[in-house]
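First up is the structure itself, then whatever we jot down about it.
Numbering (our numbering), first residue to last: 291 to 453.
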């Protein structure tokens with residue numbers, strides 16, 4: 291229940307009048323569409339996801355290639371097998387380089403004598419000639435041409451089916 295107070299004090303009478311008739315001072319509410327809410331919520335989710343991704347150490351192989359949570363432009367292939375191979379190379383875990391962990395066998399060694407890792411597969415001196423014939427460097431970065439070169443390179447060194 292509203293009771294007038296501070297009668298006669300300049301300014302308070304205006305406030306008392308507004309308090310007595312609250313419907314007079316209401317401004318119309320702005321409405322938001324469902325699309326506005328979805329955009330707002332998606333922005334919050336993406337910001338939190340990026341913040342979480344930022345907390346991952348740079349030793350993470352995928353984070354070294356992809357510092358942002360945006361989708362890969364180059365991940366729109368018609369072949370699931372190609373997508374799987376590119377993804378395995380991006381995360382640094384392939385059957386060829388990590389199968390020894392499941393079979394409890396020694397870590398694989400390249401024909402050049404180095405430990406076989408994804409990074410080594412892409413830079414091995416033994417395969418420099420094959421890399422030089424490609425239109426661009428074989429890389430799992432977010433570039434369709436690089437990914438095409440990567441797949442061609444893996445086929446040319448006969449490891450495509452082992453990834």
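Glycine included, C-beta positions come from ideal geometry on N, C-alpha and C.
*What did DSSP end up calling residue 384 once you bin it into helix, strand or coil?*
coil
_On the DSSP bridge list, what partners appear for residue 405?_
399
*When we look at the beta-carbon of residue 436 and count the other beta-carbons within 10 Å, is it buried (16 or more) or exposed?*
buried
_I'd like to know whether the C-beta atoms of residue 420 and residue 447 end up nearer to each other than 9 Å._
yes
*Would you check if there are 3 or more beta carbon pairs closer than 8 Å linking the stretch 337 to 346 to the stretch 422 to 437?*
Here the stretch 337 to 346 makes no contact with the stretch 422 to 437; the two share fewer than three CB pairs at distances below 8 Å.
*Within the same chain, show all residues whose beta-carbon is closer than 8 Å to that of residue 336, passing over the 5 residues directly before and after it, in chain order.*
359
*Mind checking whether residue 387 and residue 411 have CB atoms under 9 Å apart?*
A contact, by the Cβ cut-off of 9 Å.
*Tell me where the alpha helix (DSSP H) around residue 332 begins and ends.*
324 to 344
_On the DSSP letters alone, give me the boundaries of the alpha helix (DSSP H) that residue 441 sits inside._
434 to 446
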